[in-house]
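Input: a single structure, listed below in structure tokens.
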Amino acid sequence: MSKRSHAAFSEAESGGPSSLASKRSRADGEVTETADALAVLLDNANELVDCLKSLQHQRERGALGIQSLEPNTRKSLALLSKSVPSALQTLGAEIGQARGNGAVAAGQPPATGNAAPVFPTTIAPPTSITAWTLSDISHETPPLPTVLDRALEVAALTHSGVEAGQNYERLEWIGDAYLYLISSSLIHQTFKSLAPGKCAPLRERLVCNATLSGFSLRYNLHKRADFPAEFDLEGRRGGSKASKKERIKVLGDIFEAYVAAIILSDPEHGVERVSAWLKTLWASTLESQIRKEIGLSGSQAAGVSVKTQLARAISIPGVRLRYEDVENNRDRNRMDGDRAKGFSVAVYLDGWGETNKELGRATAISKKEAGEDAAENALANKQLMRVYMAKKQEYLAAQGR
Numbered sequence: 001m002s003k004r005s006h007a008a009f010s011e012a013e014s015g016g017p018s019s020l021a022s023k024r025s026r027a028d029g030e031v032t033e034t035a036d037a038l039a040v041l042l043d044n045a046n047e048l049v050d051c052l053k054s055l056q057h058q059r060e061r062g063a064l065g066i067q068s069l070e071p072n073t074r075k076s077l078a079l080l081s082k083s084v085p086s087a088l089q090t091l092g093a094e095i096g097q098a099r100g101n102g103a104v105a106a107g108q109p110p111a112t113g114n115a116a117p118v119f120p121t122t123i124a125p126p127t128s129i130t131a132w133t134l135s136d137i138s139h140e141t142p143p144l145p146t147v148l149d150r151a152l153e154v155a156a157l158t159h160s161g162v163e164a165g166q167n168y169e170r171l172e173w174i175g176d177a178y179l180y181l182i183s184s185s186l187i188h189q190t191f192k193s194l195a196p197g198k199c200a201p202l203r204e205r206l207v208c209n210a211t212l213s214g215f216s217l218r219y220n221l222h223k224r225a226d227f228p229a230e231f232d233l234e235g236r237r238g239g240s241k242a243s244k245k246e247r248i249k250v251l252g253d254i255f256e257a258y259v260a261a262i263i264l265s266d267p268e269h270g271v272e273r274v275s276a277w278l279k280t281l282w283a284s285t286l287e288s289q290i291r292k293e294i295g296l297s298g299s300q301a302a303g304v305s306v307k308t309q310l311a312r313a314i315s316i317p318g319v320r321l322r323y324e325d326v327e328n329n330r331d332r333n334r335m336d337g338d339r340a341k342g343f344s345v346a347v348y349l350d351g352w353g354e355t356n357k358e359l360g361r362a363t364a365i366s367k368k369e370a371g372e373d374a375a376e377n378a379l380a381n382k383q384l385m386r387v388y389m390a391k392k393q394e395y396l397a398a399q400g401r
């Protein structure tokens, strides 16, 4: 740091005239030197702290807003907005350049060993995401896309307890964001008339730990992962120290990290590849909702509620269907507190030799919708429906109908 900067700091601490002059000069122009940028932050440290304390106080009172601030705070913020942003940009650029000096040169192979993988900075946006169609629904697991960078692939499947430098923590964070973006885009394109409040539970079903951990198991990612012994995802001899919830969480993390690795290893086509893959993979998770939205479900085709269809299919006098609230089991698997609130309803059968027989259950933003979805899930169980429909036909035949 230059001698002039040291002098500026000394005068800033003493509140001398040159301190005020330096404040004005740096505030009037763009700050381009690192030393000046640091000086600006020091010059304005007290004002920044006072403003932050005032803002925190206002938020605690529940009245956070420009008009609720004291005049002195508003004036200080206005002055700070002219000098501090430029200083922060200069420091940010300097720090970024320093990081870049240690990055892999263009055209060189990725780092190995303890070095963290280098992430590309330009990724193509997901512009090709289109609505789900019936052809997207498949009960076969689509092929797992390939990660084109070995270093990223290894990092995506490595726990920080095994390797501090090259692990999945940063990749998981990026993958989580892309999963939210792609799932939101698919839901937006498919369920065009659905309110945002009803879209959120659909997205939650797609990105929750229970769903993502299941995908990791289907693709055997847990067998390729490098984790400490206590996190042995298949259970180590003598019993694992990790709880079921912890294993579900890390299995979900692995999937998120792998998604990020695919995208980052292929900046030009990675998002497109992942979007097409997830579109098919997720379609079976929301199969009933997709069919209903497209308008090919029995309830929409006949113009009759699904509850009525279920009752017509298996009910007679003395045979009763009950719809009751049940616990939302999916919320148990959420680890990050971002639970999509909703109602869970199950439909039960009393009759045909059964008592309290659960036929189906579902979770939705409203009890009415959850009940309809539970009935639809019951109708989707063709094997079970055939049993009770046959009993009803026998009854009607005996009655001469």
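Taking UniProt numbering, I'd label the letters of the sequence shown as residues 1 to 401.
Note that the Cβ used here is the ideal one computed from N, Cα and C, for glycine as well.
Since the model is a prediction, treat every value here as computed from it, not as a measurement.
Between the Cα of residue i and those of the options, spot the shortest distance and give me the residue it belongs to.
i, options, result
"I365", "A375, K382, A374, G342", "G342"
"S284", "W352, A177, L202, L349", "L202"
"L349", "N328, G318, K368", "G318"
"E324", "E369, E204, W352", "E369"
"T141", "S216, Y180, N72", "S216"
"S86", "L41, V49, L69, P71", "L41"
"V259", "Y168, D136, Q189", "Y168"
"G371", "Y219, N44, R322", "R322"
"D226", "D253, N209, C208", "D253"
"H159", "D149, L396, R224, A375", "R224"
"K392", "A374, A375, G351", "G351"
"N209", "L179, G197, F191, K198", "L179"
Checking 8 Å against the spacing of the C-beta atoms, do residue i and residue j come in under that value?
i, j, result
"L264", "L152", "yes"
"M389", "A313", "yes"
"L206", "F255", "no"
"G161", "P228", "yes"
"S275", "I182", "yes"
"L91", "C51", "no"
"L251", "H222", "yes"
"N377", "S288", "yes"
"N328", "S344", "yes"
"A257", "L171", "yes"
If you draw a straight line from the C-alpha of residue i to the C-alpha of residue j, how long is it?
i, j, result
"G298", "V306", "Unreliable positioning characterises G298 in this predicted model, as indicated by a pLDDT of 43, which lies under 50. A coordinate reading is not provided."
"K53", "L88", "20 Å"
"E293", "A261", "33 Å"
"S193", "A200", "14 Å"
"A156", "L286", "27 Å"
"T146", "Q309", "45 Å"
"Q56", "S81", "18 Å"
"G175", "I129", "17 Å"
"N333", "S184", "The pLDDT assigned to N333 is 45, lower than 50, so where the model puts this residue is not dependable, and the model offers no usable value."
"A93", "I66", "30 Å"
"H269", "L134", "25 Å"
"R291", "V326", "25 Å"
"I137", "A177", "24 Å"
"R247", "A131", "33 Å"
"L384", "V347", "14 Å"
"D149", "R273", "15 Å"
"A398", "E354", "20 Å"
"V49", "R218", "51 Å"
"T73", "P196", "37 Å"
On the DSSP bridge list, what partners appear for residue i?
i, result
"K368", "K368 is not bridged to any residue."
"L349", "L321, K357"
"A313", "Its beta-bridge partners do not exist; DSSP assigns none."
"T90", "Its beta-bridge partners do not exist; DSSP assigns none."
"S344", "V326, T363"
"T158", "D226"
Practice task
Would you be able to state if there are at least three C-beta pairs under 8 Å between the segment 354-365 and the segment 270-281?
Solution key: no
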